[in-house]
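Taken in order, the sequence shown gives residues 15 to 383; the numbers are from the numbering used here.
Glycine included, each C-beta is placed from N, C-alpha and C at the ideal position.
Here's the structure, in structure tokens; my notes come after.
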Amino acid sequence: VSAGPVGVGIIGAGVISAQYLTALTTFPDVRVLFVADIDLDRAKSRADEFGVAGSGTVDELLAIDEIEIVVNLTIPAAHVEVGERILAAGKHVWSEKPIGLDRPSVARLLATGEASGLRVACAPDTVLGAGVQTALRAIAAGDIGTPLSATTMMLGPGPEAWHPAPEFLFAVGGGPLLDMGPYYLTTLVLALGSVERVAAAASTASLTRTIGSGPRAGTEFPVEVPTHTSALLRFVDGGSAQSTFSFQSALPRSGFLEITGTDGVLVLPDPNTFSGATTLWRRGSDASVQIEPIGSAAGRGTGVLDLARAIRSGKPERASGELASHVLDVMLSIGEAAQSGEYVLVDSRAPLTVPLDAEWDPAEATLEA
Ligand SMILES: NC(=O)c1ccc[n+]([C@@H]2O[C@H](COP(=O)([O-])OP(=O)(O)OC[C@H]3O[C@@H](n4cnc5c(N)ncnc54)[C@H](O)[C@@H]3O)[C@@H](O)[C@H]2O)c1
15 VSAGPVGVGI
25 IGAGVISAQY
35 LTALTTFPDV
45 RVLFVADIDL
55 DRAKSRADEF
65 GVAGSGTVDE
75 LLAIDEIEIV
85 VNLTIPAAHV
95 EVGERILAAG
105 KHVWSEKPIG
115 LDRPSVARLL
125 ATGEASGLRV
135 ACAPDTVLGA
145 GVQTALRAIA
155 AGDIGTPLSA
165 TTMMLGPGPE
175 AWHPAPEFLF
185 AVGGGPLLDM
195 GPYYLTTLVL
205 ALGSVERVAA
215 AASTASLTRT
225 IGSGPRAGTE
235 FPVEVPTHTS
245 ALLRFVDGGS
255 AQSTFSFQSA
265 LPRSGFLEIT
275 GTDGVLVLPD
285 PNTFSGATTL
295 WRRGSDASVQ
305 IEPIGSAAGR
315 GTGVLDLARA
325 IRSGKPERAS
335 GELASHVLDV
345 MLSIGEAAQS
355 GEYVLVDSRA
365 PLTVPLDAEW
375 DPAEATLEA
């Protein structure tokens, strides 16, 4: 297919699929055609809930010619394997984060995509929302002068209280660093550039947790990864940041992201949301200025739409696999630094990413058949 709306299939009908389907089924430039899951009943009830015509197995989805992008909403441990199957079927990949669990398999996934002329794009797409994009535009406009440093905080008790299947959030590929890190670290990379070096300390408060909701509430499961990580980051351009990611704090403090430049400070909205105002504190002024978010707040699926339009126009997608793989490299390096107690050098670099136009409108039909 080379024109018209882009056919989309979804693999993984769990918790987050509802948010994706809510947005994707309203965008005129994409058509959601099928929902697949290893749990066929779950796939069918999600498809029915959102009026999607087909549901069934992953193989059935991959056999549908009209599907050009497959949205991979499986758990982190399955992201690369499912991504490889999508590419082998000749389709573009949108993956939930983290893009994978290790550097070599993600490098192979990206190389396979490249060699096949297929794209591999990855969440988070919250960074394409009006909130973070407005802040990035303010930085580009010079509102804080030259960006120098940043502080981010994401602390809370952990998601096992509300997620009905939280095991993956405490397994390899999860923990506060790999689960929540992508929102904060992708924003920092877009604002301050690539990371070149990290140091860190981490801890694990408890070796087991207990599911708090759903049919398996009360079930104990193992914690395989640190549940608190503090990191120090050095950027290639000379900037620095300190970031805390915690699932072991009784006091929730998420969405804290401040960027300080030579002339001022920007307090960003929660990077795990699509909107929210930014506050600007200028050097030498006692009063702050509120910058209202401008742009789209269409929610999860925004990056899939950007990918669909990018495929049709031959331009790069914004939430690229390369960007996600740099962020994964940074997160794995933070984990390694916490273990060794040494600085870890980060070799990968993020591509330059063009911001979205303030007028970018998901509701517009731009792809005529
Ligand atoms: N839950 C959230 O709030 C949230 C928010 C943002 C991103 N995410 C990300 O979305 C992804 C999914 O999270 P979730 O909370 O929806 O998890 P979930 O466990 O609720 O759903 C995952 C679904 O994938 C299916 N699945 C697993 N392996 C599969 C495979 N090999 N083939 C086909 N189906 C498979 C499972 O049966 C399940 O229905 C994760 O990467 C997570 O980090 C979740």
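Leaving aside the five residues before and after residue i along the sequence, list all residues of the same chain whose C-beta is less than 8 Å from its C-beta, in chain order.
i, result
"Trp-176", "Gly-226 and Ser-227"
"Ile-153", "Pro-161, Ala-205, Ile-273, Gly-275 and Leu-280"
"Ala-17", "Arg-326, Leu-381, Glu-382 and Ala-383"
"Ala-324", "Arg-133, Pro-330, Glu-331 and Arg-332"
"Ala-13", "For residue 13 there is no data in the structure shown, the boundaries of the chain being 15 and 383."
"Ser-59", "Ala-27"
Using 7 Å as the limit for Cβ to Cβ distance, is residue i near chain B?
i, result
"Pro-173", "In the structure shown, chain B does not exist; there is a single protein chain."
Does DSSP put residue i in a helix, in a strand, or in coil?
i, result
"Pro-236", "strand"
"Val-107", "strand"
"Thr-385", "Outside the shown range of the chain, which is 15 to 383, sits residue 385, and nothing can be said about it."
"Ser-268", "strand"
"Glu-356", "coil"
"Phe-259", "strand"
"Ser-220", "coil"
"Phe-64", "coil"
"Val-29", "coil"
"Thr-88", "coil"
"Pro-161", "strand"
"Leu-75", "helix"
"Phe-48", "strand"
"Ser-310", "coil"
"Ser-289", "coil"
"Thr-243", "strand"
"Ile-225", "coil"
"Leu-206", "helix"
"Phe-184", "helix"
"Ser-302", "strand"
For ligand 1, is there any heavy atom lying closer than 6 Å to the beta carbon of residue i?
i, result
"Gly-269", "no"
"Ile-52", "yes"
"Leu-142", "no"
"Pro-171", "no"
"Glu-110", "yes"
"Val-239", "no"
"Arg-151", "no"
"Ala-17", "no"
"Met-26", "For clarity, residue 26 is Gly in the given sequence; the question names Met instead. Yes, the Cβ of Gly-26 comes within 6 Å of a heavy atom of ligand 1."
"Pro-196", "no"
"Val-96", "yes"
"Leu-319", "no"
"Val-107", "no"
"Pro-190", "no"
"Arg-122", "no"
"Ala-179", "yes"
"Arg-99", "no"
"Ala-92", "yes"
"Ile-30", "yes"
"Leu-294", "no"
"Val-72", "yes"
"Leu-87", "yes"
Short check: CB of residue i to CB of residue j, under 7 Å?
i, j, result
"Ile-308", "Thr-148", "yes"
"Ala-216", "Pro-240", "yes"
"Ser-109", "His-93", "yes"
"Pro-178", "Phe-261", "no"
"Pro-229", "Pro-138", "no"
"Ala-57", "Ala-164", "no"
"Ile-348", "Val-212", "yes"
"Val-203", "Ala-364", "yes"
"Ala-135", "Ala-333", "yes"
"Val-46", "Val-66", "yes"
"Asp-214", "Thr-258", "The question names Asp, but residue 214 in the sequence shown is Ala. Cβ atoms of Ala-214 and Thr-258: not closer than 7 Å."
"Gly-315", "Ala-37", "yes"
"Glu-384", "Gly-21", "Since the first and last residues shown for the chain are 15 and 383, residue 384 lies out of range."
"Val-120", "Gly-127", "no"
"Ile-158", "Gly-278", "yes"
"Pro-118", "Pro-90", "no"
"Leu-265", "Pro-285", "no"
"Met-168", "Ser-268", "yes"
"Pro-236", "Thr-224", "no"
Near residue i, what residues of its chain come up, given a Cβ to Cβ distance below 7 Å and the 5 sequence neighbours on each side ignored?
i, result
"Thr-4", "Missing from the structure shown is residue 4; the chain here goes from 15 to 383 and no further."
"Ser-289", "Gly-143, Ala-144, Gly-145, Pro-283, Pro-307 and Ala-311"
"Glu-238", "Phe-184, Ala-185 and Val-186"
"Ala-351", "Val-212, Ala-213, Ala-214, Tyr-357 and Val-358"
"Ala-61", "Val-49, Gly-68 and Ser-69"
"Ser-362", "Ser-339, His-340 and Asp-343"
"Tyr-198", "Thr-166, Met-168, Ser-257, Leu-271 and Pro-285"
Under 6 Å Cβ to Cβ from residue i, same chain only, skipping five residues before and after it: list those, please.
i, result
"Arg-326", "Leu-381"
"Ser-302", "Thr-293 and Trp-295"
"Phe-249", "Leu-206, Gly-207 and Val-209"
"Phe-41", "Leu-319 and Pro-376"
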